[in-house]
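Data first, discussion second: the structure below is written as structure tokens.
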Amino acid sequence: RECFKDAVITKLLPRTAITIVIQVVQDDGAALSCAVNAASAALIDSGLPLSTVVNSVTLGALEDGTILLDCKQDEHEQVVGQMTLAFPSVKQDEGSAPVGAALCSTTGMFTVEQCIECMDLGRQACRSLFSFFRMTVEHYQATSNKFVTTAKR
Amino acid sequence: PVSVTVGPMMHCQGSAMVKLGRTTVVAGVTLEVMRTKDDAPNEGALQVNFEMPLTCSASVRSGPSPEEATCTTARLSSILTNTSVLDRSQLSIVPGQVAWCAYLDLCCLEADGSLFDAALLAGVAALADVKIPSVLVQENGQVMVGQGGDAADGSKSGLEPTEDVDMTEAEGQGLVAGGGGLTDIVADDSKQKLIQLPSKKLELTSKPLGLTAGICKGSLLADPCVEEELSMEATIGVVLDAAGRVMSLYKPGGAAAKSDATFIDCMEMAKLRYKECALALEQALAPAPDSE
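Protein sequences appear in the order of chains A and B.
For the first sequence, the working numbering assigns the number 12 to the initial residue and increments by one for each residue that follows.
For the second sequence, the working numbering assigns the number 881 to the initial residue and increments by one for each residue that follows.
This is the structure in structure tokens:
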């Protein structure tokens, strides 16, 4: 809820309660990330005014320091630390500092350097996720007559 | 200002009370004997429960426990059950059969911001204070728990008394501490050797301590009080262990951080906080007399 509080422009919707219900159908690792992405997609589909689209990935750190992006359940068990990150989709001007995470939740152990590396990788991954979202939404918009408000950047 | 008091409660095996500014949390650890689980036959268990009664804050209403309590319980549980904090094989009595289940109950007496930090410190202090009582597993499978400490009482069924085991009549009726009806819990075959374990202190491999910081208009504010927390755009919670490794980095949404530098600053601040809290914790634990 905290994550989406800032994404939806609630000022335009007075006296409105927005309920997001998430049902986990199958958990192959990274359920939280999937839930955040699903909720984002649902918000886009709902046509509510959004200031940003939040995308999420989960990264795992192995004991030797390798970072894995988007672990499956069996990789899940091998990692010493797991970090779920969500980034808002924000237009990146040249030369400005990259945007920080909107959501971050870890279990297990990390070193400080691994944290920063994870955030970098997470940011890039979320950017590609967002492009995928955009592509999908545009495809649906083209193929159906439903009016969809694209997320404002 | 950090204050840690260890052992304020006499009936638990370990307890602590922590005041971080005005935020006050009391933690107690009780041990009960349980059957080991199949997937962890040589380990005991740790159950964490965090409560926020009505008295702790004006925003808590009667009814189901507030979200903050559930989130804090989940976070504490995931940090404290991490094997690098507590080696749960210390809680084993008879590997594969019985072990201790430690119930860590935390109660917030006053919530004035940074609730998680206080709760974590209290939990760690209480666990560090735990003295596992002496235990005797008899041939017939009964598990008898001693009071630990004072002179040994007589023996039962021809066992040799040791100075560590004290079985007073009240405790030693085949009942285990706190759980009546758990006699015969050890499903032994007839000729199992009886096992006698002396009382010992629980050792924590590492003591994780945390810092909560709030983000307001791009600046970080460490350890906010409750009024400050309400006006924050977002909060970041960092938990470090003694080696400076990050055990938990928790930012439950809210405004996106301006950049990664925010997180780095937070971690640096957490290191400073670690030193301060670790010192308070050491001072609180040090003078505790070894009552064996």
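A virtual CB, placed ideally from N, CA and C, is assigned to each residue, including glycine.
Discussion item. What would DSSP say about V47(A), mapped onto helix, strand or coil?
Written reply: Locating residue 47(A) in the first sequence gives position 36, counting from the first residue. Here V47(A) sits in helix by DSSP.
Fill in: Spatial neighbours of C1157(B) in its chain, beta-carbon cut-off 7 Å, leaving aside the 5 residues before and after
If you number the second sequence from 1, residue 1157(B) lands on position 277. Cβ within range, chain order: V882, L1001, L1089.
Discussion item. Cβ closer than 9 Å: which chain B residues qualify as neighbours of G133(A)?
Written reply: The residue labelled residue 133(A) in the question sits at position 122 within the first sequence. Correct list: empty, because the minimum Cβ distance to chain B is about 10 Å.
Worksheet item: Would you say the segment 960 to 971 of chain B touches the segment 892 to 909 of chain B, given that touching needs at least three Cβ pairs under 8 Å?
Response: no
Item to complete: Starting from C126(A), find everything on chain D with Cβ-Cβ shorter than 8 Å and list it in chain order.
Response: No chain D is part of this structure, whose protein chains are labelled A and B.
Worksheet item: Would the beta-carbon of G71(A) fall within 7 Å of that of Q93(A)?
Response: On the first sequence, residue 71(A) is found 60 positions in, with the first residue counted as 1. On the first sequence, residue 93(A) is found 82 positions in, with the first residue counted as 1. Their beta carbons are under 7 Å apart, which means G71(A) touches Q93(A) by this criterion.
Item to complete: Indicate whether at least one CB of chain B lies closer than 7 Å to the CB of V123(A).
Response: Stepping through the first sequence from its first residue, residue 123(A) is reached at position 112. Yes, contact with chain B.
Item to complete: Please report how far the alpha carbon of K1131(B) lies from the alpha carbon of V1015(B), in whole angstroms.
Response: Start at 1 with the first residue of the second sequence, and residue 1131(B) comes out as number 251. Start at 1 with the first residue of the second sequence, and residue 1015(B) comes out as number 135. Distance between the alpha carbons of K1131(B) and V1015(B): 43 Å.
Worksheet item: Based on the DSSP output, what are the partners of P99(A) in its beta bridges?
Response: Translated into positions along the first sequence, residue 99(A) becomes position 88. Per DSSP, V65(A).
Discussion item. Does the segment 132 to 151 of chain A come into contact with the segment 1143 to 1159 of chain B, if we say contact requires no fewer than three beta-carbon pairs (one atom in each stretch) closer than 8 Å?
Written reply: no
Discussion item. Using C-beta distances below 6 Å, list every residue in its chain close to K1080(B), excluding the 5 sequence neighbours before and after it, in chain order.
Written reply: Taking the first residue of the second sequence as position 1, residue 1080(B) is located at position 200. Correct list, in chain order: I1012.
Item to complete: Rounded to whole angstroms, what's the CA-CA distance from S1070(B) to Q1018(B)? Just pull it up for me.
Response: Position 190 of the second sequence, counted from the first residue, corresponds to residue 1070(B). Position 138 of the second sequence, counted from the first residue, corresponds to residue 1018(B). With a pLDDT of 39 at S1070(B), under the threshold of 50, the modelled position of that residue is not reliable, and the figure given next carries that caveat. Cα-Cα distance, rounded: 11 Å.
Practice prompt. Measure from the C-beta of S895(B) to each C-beta in chain A and report whether the shortest distance is under 7 Å.
Written response: Counting from one through the second sequence, the residue named residue 895(B) turns up at place 15. For S895(B), the answer is no, since every Cβ of chain A falls outside 7 Å of its Cβ.
Item to complete: Give the residues of chain A in contact with S958(B), contact being defined as C-beta atoms less than 7 Å apart.
Response: Start at 1 with the first residue of the second sequence, and residue 958(B) comes out as number 78. Ordered by position in chain A, the residues that pass the 7 Å Cβ test against S958(B) are T118.
Practice prompt. Could you tell me if Y1154(B) is buried or exposed, where buried requires 16 or more neighbouring beta carbons within 10 angstroms of its beta carbon?
Written response: Here the question's residue 1154(B) lines up with position 274 in the second sequence. So Y1154(B) counts as buried.
Fill in: For Q89(A), three-class secondary structure by DSSP
Residue numbering aside, residue 89(A) sits at position 78 when the first sequence is read from its first letter. Reduced to three states, the DSSP call for Q89(A) is helix.
Fill in: Validate contact between the segment 1091 to 1099 of chain B and the segment 920 to 928 of chain B using beta carbons, cut 8 Å, 3 pairs
no
Worksheet item: If the cut is a Cβ gap below 9 Å, which residues of chain A does D919(B) touch?
Response: If you number the second sequence from 1, residue 919(B) lands on position 39. Correct list: empty, because the minimum Cβ distance to chain A is about 12 Å.
Discussion item. Against chain B, does M146(A) count as a neighbour if the rule is that its beta carbon must be under 7 Å from one of theirs?
Written reply: Walking along the first sequence from the start, residue 146(A) turns up at place 135. Chain B contact via Cβ: absent.
Worksheet item: When burial is assigned at 16 or more other CB atoms within 10 Å of the CB, is Q89(A) buried or exposed?
Response: Position 78 of the first sequence, counting from 1, holds the residue named residue 89(A). Exposed.
Worksheet entry | T885(B) - containing beta strand (DSSP E), residue span | Within the second sequence, the letter at position 5 stands for residue 885(B). 882 to 886 is the extent of the beta strand (DSSP E) around T885(B).
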